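Sequences listed follow chains D and B, in order.
Start counting the first sequence at 4; every next residue gets the next number (the working numbering).
Start counting the second sequence at 78; every next residue gets the next number (the working numbering).
The C-beta atom is built at its ideal place from N, Cα and C for all residues, glycine as well.
A quick note: this is a predicted structure, and the numbers were derived from the prediction, not measured.
Report on one structure; see the data block that follows.
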Amino acid sequence: KKTFEGHQVLRIIPKDDAQLSLMKNLEDMNEFELDFWRGVTGVSMPVDVRVPIHNLESVKMYLEAQNTEYSVMIKDLQVLLDREQEEMKSAARA
Amino acid sequence: SQHRNTDSFDYSSYHTLSEIYSFQDMLVAENPNLVSKIVIGQSYEGRPLNVLKFSTGGTNRPAIWIDNGIHSREWITQASGIWFAKKIVTDYGTDPTLTAILDNMDIFLEMVINPDGFYYTHTTNRLWRKTRKPNPGSSCIGVDLNRNWDADFGGPGASSYPCSITYSGPSAHSESEVKSIVDFVKSHGNIKAFLSVHSYSQLLLYPYGYTMTPAEDQAELDSLALKAVTDLASLYGTTYTYGSFFDALYQGSGTSIDWAYNQGIKYAYTLEQRDTGTYGFLLPANQIIPTATETWLALMAIMDHTYQNPY
Numbered sequence: 004k005k006t007f008e009g010h011q012v013l014r015i016i017p018k019d020d021a022q023l024s025l026m027k028n029l030e031d032m033n034e035f036e037l038d039f040w041r042g043v044t045g046v047s048m049p050v051d052v053r054v055p056i057h058n059l060e061s062v063k064m065y066l067e068a069q070n071t072e073y074s075v076m077i078k079d080l081q082v083l084l085d086r087e088q089e090e091m092k093s094a095a096r097a
Numbered sequence: 078s079q080h081r082n083t084d085s086f087d088y089s090s091y092h093t094l095s096e097i098y099s100f101q102d103m104l105v106a107e108n109p110n111l112v113s114k115i116v117i118g119q120s121y122e123g124r125p126l127n128v129l130k131f132s133t134g135g136t137n138r139p140a141i142w143i144d145n146g147i148h149s150r151e152w153i154t155q156a157s158g159i160w161f162a163k164k165i166v167t168d169y170g171t172d173p174t175l176t177a178i179l180d181n182m183d184i185f186l187e188m189v190i191n192p193d194g195f196y197y198t199h200t201t202n203r204l205w206r207k208t209r210k211p212n213p214g215s216s217c218i219g220v221d222l223n224r225n226w227d228a229d230f231g232g233p234g235a236s237s238y239p240c241s242i243t244y245s246g247p248s249a250h251s252e253s254e255v256k257s258i259v260d261f262v263k264s265h266g267n268i269k270a271f272l273s274v275h276s277y278s279q280l281l282l283y284p285y286g287y288t289m290t291p292a293e294d295q296a297e298l299d300s301l302a303l304k305a306v307t308d309l310a311s312l313y314g315t316t317y318t319y320g321s322f323f324d325a326l327y328q329g330s331g332t333s334i335d336w337a338y339n340q341g342i343k344y345a346y347t348l349e350q351r352d353t354g355t356y357g358f359l360l361p362a363n364q365i366i367p368t369a370t371e372t373w374l375a376l377m378a379i380m381d382h383t384y385q386n387p388y
């Protein structure tokens with residue numbers, strides 16, 4: 004079973020066409036192993052992306068180097084998944 | 078399977094595929110004069126593609142199609158589908174609007190379009206979106222079923238790369254999960270509304286996605302969308318953005334509603350349920366019923382308009 008300890012979901016809002024283009028490049032980069040939850044659409048439209056823990060630092064540095072602001076939407080994905088799993092088990096018991 | 082009937086079923090929890098299949102059978106058994114189950118095909122891994130038919134009689138009546146779970150990780154959609162099914166049997170005979178619709182039209186509901194992907198989200202990878210069909214020549218698995226329809230197939234907004242989450246597949250309708258719906262809708266020939274339920278983003282979208290050219294019925298689709306999102310917001314204040322797929326979201330080719338619209342099904346909409354970016358695909362279970370309830374108001378607005386405006 005695949006787990007997601009330490010994976011974060013980042014929210015990035017491209018502010019201009021240059022940042023939009025940067026996000027599109029990011030979408031095509033396989034090396035970061037990114038999973039786009041909400042894809043790149045347009046300027047001011049949020050992009051949500053799951054970043055594996057081993058690439059978090061690189062991705063954040065990449066964004067910061069390009070002056071692209073981001074926020075952490077989900078701090079540790081596995082925590083939420085564990086909670087969901089526990090709720091399902093509890094409901095099944097009930 | 079541990080639930081004895083659909084009254085005691087826990088609608089405020091996420092359920093496995095086998096529990097959903099059991100629910101469907103219970104609902105049919107409890108309401109033999111209203112609900113029947115049609116198996117329209119099989120998924121790649123051999124799971125049945127079940128559609129519930131809600132009908133009060135007649136032959137080949139005009140009908141409404143609703144589907145959930147084309148992207149398997151969007152769990153709120155399959156959970157809402159269960160709630161919709163129960164809502165239909167509960168409200169028929171008590172809610173005058175739904176009763177009038179069902180006295181004249183049929184409703185077809187496919188709760189889990191992508192059962193292989195859904196099963197995989199429960200067993201192996203909670204965040205899986207596509208099917209589970211291997212792609213020859215690639216180590217990457219699966220096709221994005223909402224890029225596999227014959228509507229500018231393979232155009233901008235879809236990927237020809239099997240590892241992409243928007244991989245279109247090798248050809249239009251190559252996936253049995255899509256082909257089964259296409260064959261069913263075509264052979265029925267009297268579907269008047271085609272409603273696809275997704276999450277997350279809180280959007281109500283109508284054709285087109287593959288082109289910025291407005292649909293012929295854009296004005297009507299747009300005003301109906303406004304009515305639907307207004308009704309939806311009346312319950313909890315949840316705000317939806319609405320517009321054409323192209324304008325309100327992004328360019329996407331090979332999508333289900335564009336195909337449906339080009340088949341002559343005028344009322345073709347995609348809904349994107351809660352939220353806008355707190356939980357994403359991990360919407361807490363305590364939001365299932367509120368989300369389904371508000372979504373139902375939008376669906377009812379579209380279904381009632383479809384009934385009131387025959388074409």
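- Residue state for E60/D is assigned as helix, using DSSP reduced to three classes.
- A residue is called buried once 16 or more other Cβ atoms fall within 10 Å of its Cβ, and N127/B is buried on that count.
- Looking at the DSSP output, T347/B shares a beta bridge with S273/B and L282/B.
- Remark: C-beta atoms of D221/B and H250/B do not approach each other more closely than 8 Å.
- Annotation note: the region 19 to 52 of chain D contains the following uninterrupted alpha helix (DSSP H) runs of length 4 or greater, listed N- to C-terminal: 20 to 31.
- Rounded to whole angstroms, the separation of the alpha carbons of M48/D and Y317/B is 15 Å.
- For the region 225 to 273 of chain B, there is no continuous beta strand (DSSP E) assignment of 3+ residues that stays within its boundaries.
- Distances from the CA of A310/B to each of N137/B, P239/B, H265/B and Q350/B were compared; the closest alpha carbon is that of Q350/B.
- 8 Å or more divides the Cβ of D193/B from the Cβ of G331/B.
- Straight through space, the alpha carbons of P211/B and I218/B are spaced by roughly 5 Å.
- When rounded, the separation of the alpha-carbon atoms in V259/B and I268/B is 11 Å.
- Here the C-alpha atom of L66/D lies approximately 13 Å from the C-alpha atom of V75/D.
- For the region 49 to 82 of chain D, the beta-carbon criterion of a distance under 9 Å to any beta-carbon of chain B is satisfied by P49, D51, R53, M76, I77 and L80.
- About 4 Å separates the CB atoms of Q328/B and G234/B; that is less than 8 Å, so the two are in contact.
- Each residue's CA atom was taken as its position, placing L298/B and S61/D some 45 Å apart.
- Close partners of L84/D in chain B (Cβ separation under 8 Å): R203 and L359.
- For the region 183 to 201 of chain B, the set of positions with a beta-carbon nearer than 8 Å to some beta-carbon of chain D reads T200 and T201 in chain order.
- Membership of P192/B in the alpha helix (DSSP H) is indicated by the continuous run P192 to T200.
- Close to G354/B, with beta-carbon spacing below 8 Å, are these residues of chain D in chain order: R14, R41, P49, D51 and M76.
- The C-alpha of T243/B lies about 8 Å from the C-alpha of K207/B.
- Look at K92/D here: in three-state DSSP terms it is helix.
- Taking 7 Å as the upper bound on Cβ-Cβ separation, chain D lies near residues L326 and Y327 of the region 324 to 336 of chain B.
- According to the DSSP secondary-structure assignment, R14/D is paired through a beta bridge with D51/D and S74/D.
- Burial check for H57/D: the Cβ neighbour count within 10 Å stays below 16, so the residue is exposed.
- Residue contact check for Y313/B against chain D: no CB pair falls below 8 Å.
- If the five residues before and after P239/B are omitted, its C-beta is found closer than 6 Å to the C-beta atoms of N212, S215 and C217, all from its own chain and listed in chain order.
- Looking at the DSSP output, T318/B shares a beta bridge with L280/B.
- Contact with chain B is absent for A21/D, since none of that chain's Cβ atoms lies less than 8 Å from the residue's Cβ.
- By a beta-carbon distance limit of 8 Å, E96/B does not contact S276/B. Their separation comes to about 20 Å.
- Assigned with DSSP and collapsed to three states, E67/D falls in helix.
- Per DSSP, reduced to three states, the secondary structure at I153/B is helical.
- DSSP, reduced to helix, strand and coil, places A140/B within a strand of the structure shown.
- If you ignore the 5 residues before and after D308/B, its C-beta comes within less than 8 Å of the C-beta of L374, A375, M377 and A378, all in its own chain and listed in chain order.
- Per the coordinates, the alpha-carbon of Y338/B lies some 38 Å from the alpha-carbon of Q11/D.
- Buried is the label assigned to V50/D, since at least 16 other Cβ atoms lie within 10 Å of its Cβ.
- One finds S90 and Y91 in chain B with Cβ atoms closer than 7 Å to the Cβ of M91/D, taken in chain order.
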